[in-house]
Amino acid sequence: MTPRAWRVLRRAAAAGLALAGVLDAAEPARGDAKGDSLPGVESSAESRAGADRELDRLVALYEGMKPAQAAAVLEQLDPELSTRILLGMRARHAAKVLASLSPKRAADLTTRMSRTSPVPAPRREGAR
41 MTPRAWRVLR RAAAAGLALA GVLDAAEPAR GDAKGDSLPG VESSAESRAG ADRELDRLVA
101 LYEGMKPAQA AAVLEQLDPE LSTRILLGMR ARHAAKVLAS LSPKRAADLT TRMSRTSPVP
161 APRREGAR
């Protein structure tokens, strides 16, 4: 693996860990009987919004890579995170990335994708 690919892999792994931390923080805070949240804890809506922004950033990062490079990193990431990234990508790019994965990993992620609600892709100007 090239030094650049290793750097990308390290950044992606760090981003994956950061996303996992945001998702963990998104669990509903347990408050008192009045529904007040714990001091210093974000609301779950704010945490989800932060997780969504982080996922959007990761999707954009992976869409900016060549499919073979993205596949090399996705091979190493947690399958759940890989699935969410692929679901956020445009279908054409996700297909190229899946084609670059090992057959076993591509089959596993495809199965996971079929069980997950698709994330609507952002509409780009001029897209039909």
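For any residue, its number in the working numbering is found by taking its place in the sequence shown, counting from 1, and adding 40. Cβ coordinates follow ideal geometry from the N, Cα and C atoms, glycine included. Quick caveat, the model's predicted, so the values are computed rather than measured.
To the nearest angstrom, report how far apart residue i and residue j are at their CA atoms.
i    : j    : result
L117 : L127 : 15 Å
A91  : R97  : 10 Å
G143 : A134 : First, the residue type needs correcting, since residue 143 is Pro and not Gly in the sequence shown. Roughly 15 Å between the two C-alpha positions.
R93  : R155 : 23 Å
A73  : R132 : Because the pLDDT at A73 is just 44, under 50, the model does not fix this residue reliably, and the point stays unresolved.
Less than 8 Å between the CB atoms is what I'm expecting for residue i and residue j, so what's the real figure, rounded?
i    : j    : result
R111 : L141 : Rather than Arg, the amino acid found at residue 111 in this sequence is Ala. Their Cβ separation, rounded to whole angstroms, is 5 Å, which keeps A111 and L141 in contact under 8 Å.
A114 : V137 : Reading the sequence as shown, one finds Leu at residue 114 and not Ala. That belief holds up - the Cβ atoms of L114 and V137 are roughly 7 Å apart, short of 8 Å.
Here's a check: name, in chain order, each residue in its chain whose Cβ is nearer than 7 Å to the Cβ of residue i, leaving out the five neighbours to either side.
i    : result
P119 : D148, L149 and R152
A146 : L138
L63  : Because the pLDDT of L63 is 46, which lies under 50, any placement of that residue in the model is unreliable, and the number read from its coordinates should be weighed accordingly. Counting only Cβ-Cβ distances below 7 Å, and skipping sequence neighbours, we find A91.
Which two residues bound the contiguous alpha helix (DSSP H) that contains residue i?
i    : result
T123 : P119 to G128
S142 : Here S142 belongs to no alpha helix (DSSP H), and DSSP marks it neither H nor E.
Q109 : P107 to L114
Apart from the five residues just before and just after residue i, which ones in its own chain have a Cβ nearer than 6 Å to its Cβ?
i    : result
P107 : K136, V137 and S140
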